[in-house]
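To keep things clear, I will list the structure first and then write my remarks on it.
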């Protein structure tokens with residue numbers, strides 16, 4: 001059974017502030033340039049019992065989408081159909097009044113949730129019990145609560161209804177650890193009872209753990225829709241690559257330095273990532289042996305130099321860097337004409353991810369950079385085990 | 400959220416939200432309701448001094464000693480309730496725009512509760528007025544029977560006006576600033592400070608265009624036994640129904656635009 005059906009839904013906000021624009025808009029005449037589209041042509045279906053995640057960057061239209069489904073906004077075009085009772089937790093504590101007591105606030109939330117008068121007393125008691133706030137606290141105005149107490153009450157009041165569809169916008173990180181666990185359990189129990197949960201979060205770990213399907217919104221459009229792992233991984237890759245302005249680099253080919261530093265005594269010519277058979281590679285498995293081959297070229301009479309190599313993740317996070325002058329007894333390299341410098345990894349302990357190299361040619365002190373090429377030789381590593389993170393650390397479990 | 404708001408659910412939200420309005424408006428500070436009453440009391444004292452003591456305005460139809468004082472109270476009390484309600488109702492949607500996007504809400508509750516909460520000082524004042532009149536033995540209890548109907552008419556008028564202005568404010572934000580000015584104008588166009596009978600005959604029929612003036616005719620009749628022409632009664636009835644209907648109609652159409660502007 002489908003619970004939510006969106007058919008090519010668009011939502012545009014009107015930006016004009018001139019009264020004339022607004023008057024025209026009142027009669028349905030809107031100038032196209034004064035509309036800002038928060039959501040364009042989004043179609044999706046959520047079935048009963050699904051836990052559906054919505055991810056995307058800030059301003060991608062996630063909140064607008066949730067508001068449309070919750071019914072606090074209308075679509076500009078397209079249709080939104082929702083079957084069943086909805087509880088929307090778009091902002092924790094929205095609708096609370098600081099001057100009123102906890103009890104009064106609970107009662108109002110109950111009335112807004114449509115709790116019938118006959119069930120009101122039971123509802124209020126349940127919310128109070130779930131929040132674990134003692135009655136003497138609930139007698140006080142909400143403004144006297146600590147933020148943790150306030151959030152506990154707000155979450156309890158909002159989720160104690162019995163909805164078919166629960167909509168949650170970034171509300172899981174509330175209260176202390178104990179209460180976080182309780183609220184997560186509540187969402188899990190909604191899920192296990194076969195309710196539909198719609199969940200929007202920046203916390204991709206929680207999205208991974210909770211959702212069975214995910215929609216990725218980008219600039220108001222549906223970029224990808226599918227299984228959680230597939231969509232979240234694609235989003236993570238996109239996020240990292242956006243942060244790294246990648247050089248034009250073709251995976252699987254050595255990097256040739258098209259613009260060596262002018263006037264530098266020693267220049268970088270070529271860099272390649274090779275496996276142990278000397279083949280240039282763009283794909284490795286964790287613990288596979290490999291090496292970075294750097295070719296430099298010196299002008300006649302050039303001073304000796306050093307070479308540095310760094311492995312960088314595609315979000316520019318530096319994973320590991322080393323240089324020829326790091327060992328205590330290191331001598332600078334004398335280069336006459338061309339010279340190959342090889343950095344050998346007998347067992348590359350990188351875990352799954354997208355990585356790049358950055359290579360530097362330095363003077364004999366290791367401080368001045370003669371030439372460099374950053375974010376080159378993109379390569380992918382696939383992990384074999386279940387460990388997560390960037391690198392495999394030597395370890396053992398003592399049980 | 401209910402699939403659709405049933406009247407009983409909306410009424411429950413209205414009741415609780417009005418209670419919240421009252422609590423936050425009148426009980427926020429230590430002296431509470433006293434502060435809320437101070438404003439009308441000062442107003443009354445000021446107007447009484449200027450118009451009764453300095454300008455020596457009298458109400459010709461009233462034989463009562465201090466007649467002007469009672470005339471002033473009978474009109475000013477409902478006026479203060481009505482005008483505060485309308486001004487606050489007009490602001491209510493714009494002020495709560497964020498809330499309305501976060502919580503599914505029977506939106507009409509906001510302006511209506513603003514209007515209901517504004518009745519509190521008015522009703523208290525009317526009790527005091529009744530007691531004072533009774534002490535002067537100047538009260539015709541039969542006329543007081545009009546009060547419930549008049550309050551209903553006042554509610555219809557202010558709800559219609561409040562809903563209309565609240566909805567228009569969604570589209571035209573500046574209206575929120577303009578409403579108090581308009582209310583000021585309406586105040587002087589209504590026989591509250593001056594007896595209607597002092598207005599030249601040529602202008603009398605203009606009062607039919609001012610529903611608040613017709614409402615004041617009713618209150619003056621109910622408390623002081625002043626004449627209440629039938630044209631005024633019929634006019635008040637028609638205005639109440641018309642304004643309430645028009646306010647509701649325009650509100651239901653315009654409130655959909657809430658949240659459409661950045």
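Protein chains in written order, with this note's numbering: chain A, 1 to 399; chain B, 400 to 661. In this text, a Cβ means the ideal position worked out from N, Cα and C, and glycines have one as well.
Spatial neighbours of residue i within its chain, please: CB distance less than 6 Å, with the 5 preceding and 5 following residues excluded, ordered by chain position.
i, result
"residue 524(B)", "476"
"residue 613(B)", "631, 634, 635"
"residue 140(A)", "none"
"residue 488(B)", "510, 513, 514, 561, 565"
"residue 297(A)", "267, 269, 338"
"residue 442(B)", "none"
"residue 460(B)", "625"
"residue 198(A)", "52, 167"
Given this structure, state the Cα-to-Cα distance separating residue i from residue j, to the nearest angstrom.
i, j, result
"residue 6(A)", "residue 232(A)", "21 Å"
"residue 498(B)", "residue 95(A)", "6 Å"
"residue 147(A)", "residue 257(A)", "56 Å"
"residue 405(A)", "residue 517(B)", "Missing from the structure shown is residue 405(A); chain A here goes from 1 to 399 and no further."
"residue 248(A)", "residue 228(A)", "With a pLDDT of 47 at residue 248(A), under the threshold of 50, the modelled position of that residue is not reliable, and the figure given next carries that caveat. Cα to Cα, residue 248(A) sits roughly 31 Å from residue 228(A)."
"residue 643(B)", "residue 560(B)", "7 Å"
"residue 3(A)", "residue 119(A)", "26 Å"
"residue 400(A)", "residue 51(A)", "No answer is possible for residue 400(A): it lies beyond the span of chain A, which begins at 1 and ends at 399."
"residue 348(A)", "residue 276(A)", "12 Å"
"residue 572(B)", "residue 356(A)", "53 Å"
"residue 34(A)", "residue 570(B)", "15 Å"
"residue 169(A)", "residue 182(A)", "17 Å"
"residue 401(A)", "residue 131(A)", "For residue 401(A) there is no data in the structure shown, the boundaries of chain A being 1 and 399."
"residue 156(A)", "residue 554(B)", "37 Å"
"residue 651(B)", "residue 424(B)", "27 Å"
"residue 295(A)", "residue 342(A)", "9 Å"
"residue 245(A)", "residue 317(A)", "With a pLDDT of 49 at residue 245(A), under the threshold of 50, the modelled position of this residue cannot be trusted; read the value that follows with caution. Roughly 13 Å separates the two Cα atoms."
"residue 437(B)", "residue 608(B)", "32 Å"
"residue 293(A)", "residue 333(A)", "15 Å"
"residue 261(A)", "residue 346(A)", "32 Å"
"residue 568(B)", "residue 656(B)", "11 Å"
"residue 358(A)", "residue 48(A)", "49 Å"
"residue 37(A)", "residue 500(B)", "17 Å"
Between which two residues does the beta strand (DSSP E) holding residue i run?
i, result
"residue 318(A)", "318 to 323"
"residue 429(A)", "Nothing about residue 429(A) can be reported from this structure: the residues present for chain A run from 1 to 399 only."
For residue i, which residues in chain A fall below 8 Å Cβ to Cβ?
i, result
"residue 411(B)", "111, 117"
Just curious, the alpha helix (DSSP H) that residue i is in, first and last residue?
i, result
"residue 641(B)", "629 to 653"
"residue 591(B)", "First-last for residue 591(B): undefined, no H or E at that position."
"residue 57(A)", "Element bounds for residue 57(A): n/a, residue is neither H nor E."
"residue 424(B)", "406 to 425"
"residue 490(B)", "466 to 494"
Could you pull out every residue in the same chain whose Cβ sits closer than 8 Å to the Cβ of residue i, ignoring the five residues on either side in sequence?
i, result
"residue 234(A)", "216, 224"
"residue 368(A)", "362"
"residue 400(B)", "For residue 400(B), the pLDDT reaches just 46, beneath the cut-off of 50, and the residue's location in the model is therefore unreliable, although a value from the coordinates is still provided. Cβ within range, chain order: 503."
"residue 539(B)", "624"
"residue 323(A)", "306, 307, 308, 309, 360, 362, 366"
"residue 435(B)", "424, 425, 519, 520"
"residue 73(A)", "11, 64, 67"
Name the chain B residues whose beta carbon is nearer than 8 Å to that of residue i?
i, result
"residue 90(A)", "500, 501, 502"
Find the residues of chain B that neighbour residue i, judging by a C-beta separation of less than 7 Å, and give them in chain order.
i, result
"residue 107(A)", "415"
"residue 74(A)", "655"
"residue 94(A)", "498, 501, 502"
Please return the same chain residues whose Cβ sits closer than 7 Å to the Cβ of residue i, not counting the five positions on each side in sequence.
i, result
"residue 44(A)", "6, 215, 222, 225"
"residue 392(A)", "286, 349, 351"
"residue 164(A)", "3, 84, 85, 195, 196"
"residue 80(A)", "6, 9, 68, 69"
"residue 264(A)", "370, 371"
"residue 557(B)", "481, 484, 485, 514"
"residue 303(A)", "265, 363, 364"
"residue 593(B)", "456"
So residue i contacts chain B; which residues on that side make the cut at Cβ distance below 9 Å?
i, result
"residue 356(A)", "Under the 9 Å cutoff, chain B gives no residues; its nearest Cβ is about 40 Å from residue 356(A)."
"residue 102(A)", "None at all; the shortest Cβ gap to chain B is about 13 Å."
Using a C-beta to C-beta distance shorter than 7 Å, which residues of chain E count as neighbours of residue i?
i, result
"residue 67(A)", "Although the question refers to chain E, the structure presented lacks it and instead comprises the protein chains A and B."
Going along chain A, which residues have a C-beta under 7 Å from residue i?
i, result
"residue 490(B)", "Here the premise fails: no neighbours, minimum Cβ distance about 17 Å."
"residue 603(B)", "Within 7 Å Cβ-Cβ: nothing; residue 603(B) doesn't reach chain A, min ~36 Å."
Quiz item: Should the stretch 372 to 388 of chain A be regarded as contacting the stretch 276 to 286 of chain A, the criterion being three or more beta carbon pairs within less than 8 Å?
Solution: Judged by pairs of C-beta atoms under 8 Å, the stretch 372 to 388 of chain A touches the stretch 276 to 286 of chain A, as three or more such pairs exist.
Self-check item: Any 3 or more C-beta pairs closer than 8 Å across the stretch 536 to 544 of chain B and the stretch 473 to 488 of chain B
Solution: The stretch 536 to 544 of chain B, when compared against the stretch 473 to 488 of chain B, does not touch it at the 8 Å Cβ threshold.
Quiz item: Three or more C-beta pairs closer than 8 Å, one from the stretch 55 to 73 of chain A and one from the stretch 181 to 196 of chain A: is that the case here?
Solution: No, they do not touch.
Exercise. Decide if the stretch 381 to 395 of chain A is in contact with the stretch 286 to 305 of chain A; the criterion is three or more beta carbon pairs, one per stretch, under 8 Å apart.
Key: Verdict: yes, contact present.
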